Amino acid sequence: MTASSAELSGDRSVIMRAEAVRPAVAAASDEIEDTRRLPPALLDKLHEAGLFRLLLPRSSDGIETDPITFFHVIESIARADASTAWCLSQAGGCAMSAAYLDLPVARAIFGNDPRAVLAWGPGPKVKAIECEGGYRVTGVWAFASGGRHATWLGAHCPIYRTDGSPKLDADGNQLERTMLVRSKDVAWTDIWNTVGLRGTASDQFALEDFFVRADHSITRDFDKECRENGPLYRMGNGTCYQVGFAGVACGIARSALDGFVEVARNKVPRGASRTLRDNAAVQTNLAVAEVNLRAARTYLLQSMADIWKDLSAGAMITVKQRITIRMASTHAIHKAREAVDFAWNAAGATAIFENHPLERRFRDIHTVTQQLQGQLRHFETVGAWMMGAEADLTFV
Numbered sequence: 003m004t005a006s007s008a009e010l011s012g013d014r015s016v017i018m019r020a021e022a023v024r025p026a027v028a029a030a031s032d033e034i035e036d037t038r039r040l041p042p043a044l045l046d047k048l049h050e051a052g053l054f055r056l057l058l059p060r061s062s063d064g065i066e067t068d069p070i071t072f073f074h075v076i077e078s079i080a081r082a083d084a085s086t087a088w089c090l091s092q093a094g095g096c097a098m099s100a101a102y103l104d105l106p107v108a109r110a111i112f113g114n115d116p117r118a119v120l121a122w123g124p125g126p127k128v129k130a131i132e133c134e135g136g137y138r139v140t141g142v143w144a145f146a147s148g149g150r151h152a153t154w155l156g157a158h159c160p161i162y163r164t165d166g167s168p169k170l171d172a173d174g175n176q177l178e179r180t181m182l183v184r185s186k187d188v189a190w191t192d193i194w195n196t197v198g199l200r201g202t203a204s205d206q207f208a209l210e211d212f213f214v215r216a217d218h219s220i221t222r223d224f225d226k227e228c229r230e231n232g233p234l235y236r237m238g239n240g241t242c243y244q245v246g247f248a249g250v251a252c253g254i255a256r257s258a259l260d261g262f263v264e265v266a267r268n269k270v271p272r273g274a275s276r277t278l279r280d281n282a283a284v285q286t287n288l289a290v291a292e293v294n295l296r297a298a299r300t301y302l303l304q305s306m307a308d309i310w311k312d313l314s315a316g317a318m319i320t321v322k323q324r325i326t327i328r329m330a331s332t333h334a335i336h337k338a339r340e341a342v343d344f345a346w347n348a349a350g351a352t353a354i355f356e357n358h359p360l361e362r363r364f365r366d367i368h369t370v371t372q373q374l375q376g377q378l379r380h381f382e383t384v385g386a387w388m389m390g391a392e393a394d395l396t397f398v
């Protein structure tokens, strides 16, 4: 089964929204880097374009687009600014939570607020204690990308009974839920002084014995709680994250290679007599970087398009399909890194200054690879599964 070029190109009407706002993203890029925030004027444009609502159900006034279109939107924005694209990708996956909420609650959080954004992050020492009508939540959560402009935050928690004992499922595993709280109700700590993706403001937030209504918590388990039956939600937000963050990496790499070509046309390296573009090694390595990026990108899109056909026909995503997307997305991220590394190295000292775009691209792509979605250990999981060995499928 092979997808057509039209299927690989996505919904152009949605992608054009991203392309229309991309110049504004590029113009704000330096401010985003300096302030480590997405500026209000840019947020206005992103909301006007509906780019925070790409994966939100239509029942909550979302776009509910397909993952191919989602990739293209994120990639397009990443060409202008990686932090903005990362925030949009994160918010897209988080917005899928609306599919697991009772419809009146989902509409109250998302549908009635056109500027609604949900962000979340992990928390190693957290808990939610059952109480009448809901939970008492305590803990600290970090890596909340986009949290500073979010209206709601998700706090992932293990569940405890009122007597302090863990609440277990039928298999003896502790139950976990994600608690949705208003961003104004948390205490923030600024921790996001990082090498790259500085504008994501992926800071830390805390709650102390905070009451959360039961209907403002979700498991993100399709069989147990999902009320939306569309193919997007049968696929799950984990796969969407993989596709989206691979889009961030590919957008960074596309911008880096294009920027390098501009440098190579005119730069004569110190001690050389010809421009970079006339250097045979540079020519060869540019072509290799280009084809590797295109091949990895196309493999991801082709794989996702083939899976989307099955999902659209009513199927649930299989472990094999999830393995394929995990493999393809991780591969795309690292081929994007290789492309950026080539561009940065070949550009020489030109690329080491803060005011040069390649310097930012280099820092951003190496921050992407350090995040969960870009970690090389995913290949270990894929290889183990292929050979029938024990494989941790938690992040597949």
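Quick note, my numbering runs 2 ahead of the 1-based positions in the sequence shown. All residues carry an ideal CB built from backbone N, CA and C; glycine is no exception. Bear in mind the structure is a predicted one, so any value in this text is a computation, not a measurement.
(Q) I'd like the span of the alpha helix (DSSP H) that includes residue 193, first residue to last. (A) Here residue 193 belongs to no alpha helix (DSSP H), and DSSP marks it neither H nor E.
What does a CB cutoff of less than 6 Å around residue 373 pick up in its chain, not counting 5 residues either side in sequence?
-> Counting only Cβ-Cβ distances below 6 Å, and skipping sequence neighbours, we find nothing.
>> Using DSSP's beta-bridge definition, name the partner residues of residue 140.
In response: 129
Secondary structure of residue 372, DSSP reduced to three states
In the structure shown, the three-state DSSP call for residue 372 is coil.
contact_flag[the region 110-117, the region 53-73] where n(CB pairs < 8 Å) is 3 or more: yes
Touching by the beta-carbon criterion (3+ pairs, under 8 Å), the region 354-364 and the region 317-325:
Because the criterion of three Cβ pairs below 8 Å is not met, the region 354-364 and the region 317-325 do not touch.
Please report the distance separating the alpha-carbon of residue 278 from that of residue 240.
42 Å
Task: residue 89 (DSSP reduced to helix, strand or coil) - done: Taken through DSSP and simplified to helix, strand or coil, residue 89 comes out as helix.
Excluding the five sequence neighbours on either side, which residues of its own chain have a C-beta within less than 8 Å of the C-beta of residue 271, listed in chain order? 278, 350
**Report entry** Residue environment, residue 294, which counts as buried when at least 16 other CB atoms sit within 10 Å
**Finding:** By the neighbour-count criterion, in which a residue is buried when 16 or more other Cβ atoms sit within 10 angstroms of its Cβ, residue 294 is buried.
Bridge partner(s) assigned by DSSP for residue 123:
DSSP lists 157 as the bridge partner or partners of residue 123.
With H, G and I counted as helix, E and B as strand and the rest as coil, what does DSSP make of residue 292? helix
**Asked** residue 79 to residue 87, Cα distance in whole Å?
**Response** For residue 79 and residue 87, the distance between alpha carbons rounds to 5 Å.
Pop quiz: residue 306 and residue 245 are said to be a contact at Cβ under 8 Å. What is the actual Cβ separation, rounded to whole angstroms?
Between residue 245 and residue 306 the Cβ distance is about 6 Å, and since that is below 8 Å, they are a contact.
By the three-class DSSP mapping on this structure, what secondary structure does residue 213 have? strand
DSSP bridge partner residues for residue 176 (one or two, in chain order):
Residue pairing from DSSP places residue 176 in a beta bridge opposite 170.
| request: Under 7 Å Cβ to Cβ from residue 104, same chain only, skipping five residues before and after it: list those, please. | output: 217
**Q.** CA-to-CA distance, residue 223 to residue 298, given in whole angstroms
**A.** 30 Å
### Query
Is the CB-CB distance between residue 12 and residue 70 below 9 Å?
yes
- Are residue 161 and residue 177 close, meaning C-beta to C-beta below 9 Å? yes
*Which residues share a DSSP beta bridge with residue 220?*
180
Residue environment, residue 123, which counts as buried when at least 16 other CB atoms sit within 10 Å: buried
**Q.** Boundaries of the alpha helix (DSSP H) in which residue 340 is found, first to last residue
**A.** Boundaries of the alpha helix (DSSP H) harbouring residue 340: 321-349, taken from the DSSP string.
Should residue 383 go down as buried or exposed, given a rule of 16 or more other Cβ atoms within 10 Å for buried?
buried
Pull the bridge partners of residue 207 from the DSSP assignment, please.
143, 190
Beta-carbon gap between residue 344 and residue 268 smaller than 9 Å = no
Check: On the premise that residue 27 lies in contact with residue 51, defined as a C-beta separation below 8 Å, what is that separation, rounded to the nearest angstrom?
Finding: Contact flag wrong, Cβ pair sits at about 10 Å.
- Task: Drop a sphere of 10 angstroms on the beta-carbon of residue 354, count the other beta-carbons inside from all chains shown, and report buried for 16 or more, exposed for fewer.
- Result: exposed
- request: Use the C-beta contact count for residue 211: other C-beta atoms within 10 angstroms, 16 or more gives buried, fewer gives exposed.
  value: Burial check for residue 211: the Cβ neighbour count within 10 Å stays below 16, so the residue is exposed.
Is the separation between the beta-carbon of residue 92 and that of residue 7 shorter than 9 Å? no
- Message: On the CB-based measure, 16 or more other CB atoms within 10 Å of its CB, does residue 385 come out buried or exposed?
- Response: exposed
Checklist entry - Would a C-beta distance cut-off of 9 Å place residue 154 and residue 208 closer than the cut-off? => result no
* Take the Cβ of residue 280 as the centre, count every other Cβ of all protein chains shown within 10 Å, and call the residue buried at 16 or more, exposed below. => Label assigned to residue 280: exposed.
Inter-residue spacing [alpha-carbon to alpha-carbon] between residue 315 and residue 242
18 Å
Q.
Give me, in chain order, the residues of the same chain whose beta-carbon lies closer than 6 Å to that of residue 228; leave out the 5 immediate sequence neighbours on both sides.
A. 101, 102, 235
**Study point:** First and last residue of the uninterrupted alpha helix (DSSP H) at residue 43
**Key:** 42-50
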